[in-house]
Amino acid sequence: MRLHRLSLRDYKGVTQRDLLFPDAGILVVEGPNEVGKTTMLDALDLLLDHKDSSRRAQIRAAQPVGRDVGPSVEVELSTGPYRFTYRKQWLRQTATELTVHTPTRAHLVGDEAHERVKAILAQTTDLQLWKALRLLQAQPLVHDGLGASTALAAALDRAGGTAVDAGPAGETLLSAAQAAYLRYYTARTAQPTGEWRAAIERLEAAELGERAAREAVREVADDVERHESTQGGLQEARHRFAEVGQRRRAIDDELVQARELAAQLAAARARRDELSVALERERERLAERVAAREQAQRVDAALGAAEAAVADAHAALEPAHDDLLAADAAHAAAQEGVLAARAHLTAVSARRDRARAAAERAALRSKIAAIDEAHHELAQVRELLGQSPVSTVSTTVLRDLEQAAQSVDLEQAAHAVGSARIVIRAADAPVELSVQAGAPPISGETSDVPATVTLGRGQSWESAIGQRLALHLPGVEIELEPESGAAQRVAALAEARAHLKRRLAEVGCASLEVARVAHDERHDLHAQEAGLQARVRALLDGSDRAELLERLAALGGALELPPGPARAADPETGIDPDEWQRAQQTEEQARAEADRARLRRDSLAASVEAMRLELTRAASAAAALRDQLADLDGRLAAARDRRADDDLESQVAAAHARLVQADDAVGEVQARSAGHEVAALEPLRDACAAEVGAVGQRVAALEGELIRLQARLDQAGGQGRAESLDAALTELEQARRVHERIRRHAEAARLLHETLAARNGAAKQAYVRPFAQTVARLGRIVYGPTFEVEVADELTIVARIIDGERIPFEALSTGAKEQLAILTRLACAVLVDADQGVPVVIDDALGYSDPDKLRRVCAAVGQLHDQAQVVLLTCTPGRYAAIPQAHVVRL
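In our numbering, each residue's number is its place in the sequence shown (first place is 1) plus 25.
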């Protein structure tokens with residue numbers, strides 16, 4: 026089975042979603058939590074499992090909250106030879122639709138579609154494998170349905186090369202052996218049952234009674250021995266309790282001394298830290314004084330440079346200002362030239378515009394006349410279209426008339442073929458006979474039979490008999506009656522003719538040919554109408570006649586209506602084009618010269634302004650530097666008044682000497698504290714206290730045990746325990762004889778069962794081997810070359826082996842279990858034939874895997890890019906980025 030497309034509409038929180046699947050390879054669907062990734066799989070299950078009439082809780086939960094709409098799911102998939110599109114909608118406007126595309130196209134709806142899909146899937150898809158190869162959030166990591174998959178079983182049989190066929194006799198013998206086996210052992214756990222279990226339980230009870238009797242006899246001796254031993258242990262425990270108490274007191278004294286030394290060390294370190302802070306403070310003051318002197322020197326040097334820059338700016342500004350005045354004069358002269366050239370161009374343009382207006386007036390008069398002529402012809406065509414029958418015989422009407430005429434022809438042919446016929450032929454001499462026909466079937470219709478028939482020699486006359494005929498010959502009168510069905514055919518023919526006649530009368534046509542001529546004329550007139558309308562639109566060119574008249578009036582012209590002879594041309598009809606071009610060129614040259622003068626003036630003005638700005642900036646910088654230097658000198662003098670430079674350096678040296686002395690004091694206290702650490706002594710003190718408590722408890726326990734043993738010895742003195750031992754030995758002997766007899770029968774039954782089942786066991790081992798090898802091959806990509814797995818007969822992972830170390834599956838971490846679950850499903854997809862395979866679906870997995878394992882698992886998944894369809898759902902973007910050739914869809 027292969028998924029091609031899955032569409033959801035109004036399903037839970039999904040308003041509309043279409044997901045396309047590649048036919049093979051890996052599809053990664055990324056999206057945040059609650060975007061509806063798992064919802065798509067749930068929707069596919071509902072589509073395949075439940076009818077549209079179902080109102081189960083799962084389907085009601087699929088309806089969007091607060092919206093009265095029906096959830097809808099549609100899938101397009103391939104399975105076996107079939108490819109089909111399947112859609113359902115529940116709760117509101119319920120519907121089921123199935124469209125089979127191949128091998129034979131079909132469309133089914135309702136329950137029929139539902140049952141057809143179930144039949145197709147049962148025939149072509151291993152549904153057990155489809156459920157098993159999905160690793161979903163709400164399911165266990167190990168799926169126990171792999172052993173029941175028929176497709177996987179067939180693949181493993183091929184891979185293992187096994188073919189077991191015991192035949193009917195073998196099955197009967199195995200069944201009998203199994204029945205004998207089940208008489209003595211349970212089927213599931215192979216535990217004894219029935220008489221075998223009773224014999225075992227009797228023997229166990231007898232042995233237990235014998236041991237209890239012996240134990241009762243031994244108890245007295247043991248109690249005596251334990252009484253003596255307990256007395257010795259109590260003396261030893263009391264001695265030990267005294268020793269531990271003395272050691273605890275010594276540790277308490279040492280702990281008091283260690284705490285005093287720790288307090289002294291903390292005080293010395295605090296003094297050292299305080300002196301260290303004071304030294305840093307003195308060093309900062311000295312560094313600030315040095316920095317102030319250096320800053321004053323830098324500002325003095327910068328002031329000299331700024332004053333030099335002011336002098337240079339004054340020297341460059343004067344010649345630049347003179348150049349700017351000259352550029353202003355040149356620009357004014359160029360502007361006067363532009364004004365003169367523009368005035369000449371304006372005069373020449375006015376004369377040219379008057380000439381163009383005269384030509385446009387003539388063109389407008391011709392266009393308006395052509396439009397009026399086209400409108401006149403269009404009115405004539407529309408008048409003809411409104412006349413009958415042209416106005417009534419449309420294409421639809423003509424088609425109806427032709428169908429009515431065709432019905433007449435068909436009824437005429439049916440009458441001619443289905444009715445009896447009369448044929449009269451004149452043999453040797455001419456013949457004249459009269460024919461009298463019965464009444465026609467429809468009132469008002471005329472008969473097709475002539476009243477008189479005249480035949481020359483050798484001529485003949487024939488007619489279908491649709492009504493009663495009376496033939497009159499000289500001396501002979503013949504009456505002919507039609508057969509029973511002729512009347513209906515004649516009536517049908519007459520009705521068809523009457524219908525055609527009525528339809529022709531409705532459209533005003535005498536015949537079908539007249540109607541066809543009217544239709545053709547109507548078609549030609551419509552074509553003329555369309556051509557004239559197109560001609561008018563082309564002449565108007567987006568305007569209307571009123572706008573053209575307004576334009577003509579604006580140009581100073583008038584339109585004679587009706588049209589008369591053309592007006593004389595405007596006397597202002599022309600101008601030398603070279604004169605206008607020369608005027609335009611002169612104006613453009615003047616403007617260009619003015620622009621050049623303006624650009625030079627603007628450039629010089631910008632330069633002068635920049636020089637002035639630079640002069641101002643340099644002067645401001647020099648003034649600021651003077652103020653800054655004066656401020657620095659003042660602050661430095663005030664600081665020196667408070668403390669001279671030499672005093673600062675001597676204070677730093679003194680603070681450093683005090684810090685060295687504090688370091689020496691800390692070292693001395695640390696030396697005295699060596700071997701007296703509080704952190705080391707406190708655990709010793711706690712351990713010693715615990716030991717004191719434990720030894721004290723032992724002393725109390727031994728004292729209680731000694732009292733109990735003494736009481737038991739006093740009680741056992743009056744009991745007859747030897748007689749109870751003799752009775753127990755007798756029962757044990759009888760139970761052993763019964764147990765031995767039934768044991769031989771049970772072991773024989775088990776041996777027979779195991780021997781016959783050995784063949785099946787060997788076959789299962791061969792069956793499991795290729796599955797385990799495929800899992801190991803994929804797993805070595807993740808865990809390295811020493812990876813192996815143990816697989817049970819039900820194809821479940823029992824244990825993981827790496828570097829020879831075997832760890833049961835239940836003892837693995839959640840991340841390792843999840844990785845093995847994915848490898849198991851990938852192995853199934855590799856083994857199963859492509860035509861019988863199903864998609865592998867993994868939902869939000871590998872969240873417990875470290876980055877290296879995640880990359881390795883992605884590499885293992887990438888092995889299936891051309892072998893199976895794999896769908897990975899994740900809420901973490903980029904989680905499967907290491908899978909080569911994966912298709913990624915982001916929701």
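Ideal placement from N, C-alpha and C gives every residue a C-beta, glycine not left out.
- A straight line joining the alpha-carbon of residue 696 with that of residue 292 spans about 15 Å.
- One alpha carbon belongs to residue 121, the other to residue 38, and they sit about 22 Å apart.
- Unbroken beta strand (DSSP E) stretches of 3 residues or longer found wholly inside the stretch 599 to 681: none.
- In terms of Cα proximity to residue 798, the closest of 855, 774, 653, 777 is 855.
- The stretch 434 to 520 contains, as complete beta strand (DSSP E) runs of 3+ residues, the segments 446 to 450, 456 to 462, 477 to 480, 485 to 489, 494 to 498, 501 to 505 (chain order).
- Counted as a single uninterrupted DSSP element, the alpha helix (DSSP H) harbouring residue 369 occupies residues 219 to 410.
- The beta carbons of residue 888 and residue 803 sit about 7 Å from each other, so the pair counts as a contact at 8 Å.
- Using a Cβ-Cβ distance cut-off of 8 Å, the stretch 710 to 719 and the stretch 315 to 331 are not in contact, since fewer than three pairs of beta carbons, one from each stretch, lie closer than that value.
- Separation of residue 916 and residue 150 (C-alpha to C-alpha, rounded to the nearest whole angstrom) is 29 Å.
- Residue 439 has its alpha-carbon roughly 10 Å from the corresponding atom of residue 511.
- Pairing residue 90 with residue 36 gives a Cβ-Cβ distance that is not under 8 Å.
- Residue 459 is a Cβ neighbour of residue 477, given a cutoff of 8 Å.
- Look at the beta carbons and you see the stretch 114 to 134 touching the stretch 60 to 77: at least three pairs across the two are nearer than 8 Å.
- In the three-state scheme derived from DSSP, where H, G and I count as helix and E and B as strand, residue 892 is classed as coil.
- The bridge partners DSSP lists for residue 121 are 113.
- In the structure shown, residue 837 falls within a coil segment according to DSSP collapsed to helix, strand and coil.
- For residue 29, the enclosing beta strand (DSSP E) covers residues 27 to 36.
- Take the alpha-carbon of residue 230 and the one of residue 212: they are about 25 Å apart.
- For residue 71, the enclosing alpha helix (DSSP H) has its first and last residue at 62 to 74.
- Looking at the DSSP output, residue 832 sits in a beta bridge with 825.
- Residue 289 and residue 827 have their C-alpha atoms spaced approximately 57 Å apart.
- Here the C-alpha atom of residue 623 lies approximately 6 Å from the C-alpha atom of residue 356.
- Contact check between the stretch 662 to 678 and the stretch 294 to 310: three or more CB pairs, one atom from each, fall below 8 Å, which counts as touching.
- The Cβ atoms of residue 866 and residue 158 lie closer than 8 Å to each other.
- Apart from the 5 residues on each side of it in sequence, residue 45 sits with its Cβ closer than 6 Å to the Cβ of 30 in its chain, given in chain order.
- Excluding the 5 residues flanking it on each side, residue 422 has same chain C-beta neighbours closer than 7 Å at 532, in chain order.
- When the alpha-carbon of residue 446 is set against those of 610, 494, 482, 825, the nearest one is in 494.
- About 4 Å separates the beta carbons of residue 543 and residue 414, which is inside the 8 Å limit, making them a contact pair.
- Counting the other CB atoms within 10 Å of its CB gives residue 285 a total below 16, which places it among the exposed residues.
- Going by beta carbons, residue 883 and residue 847 fall outside the 8 Å limit.
- By the 16-neighbour rule on beta-carbons within 10 angstroms, residue 243 is exposed.
- A direct Cα-Cα distance of roughly 11 Å separates residue 354 from residue 619.
- The stretch 860 to 874 and the stretch 827 to 846 touch, with three or more beta-carbon pairs separated by less than 8 Å.
- A contact is defined here as three or more CB-CB pairs under 8 Å, and the stretch 340 to 349 fails this definition with respect to the stretch 663 to 672.
- Approximately 7 Å separates the beta-carbon atoms of residue 451 and residue 483; this is inside 8 Å, confirming the contact.
- Judged by DSSP secondary structure, residue 910 falls outside any alpha helix (DSSP H); it is assigned neither H nor E.
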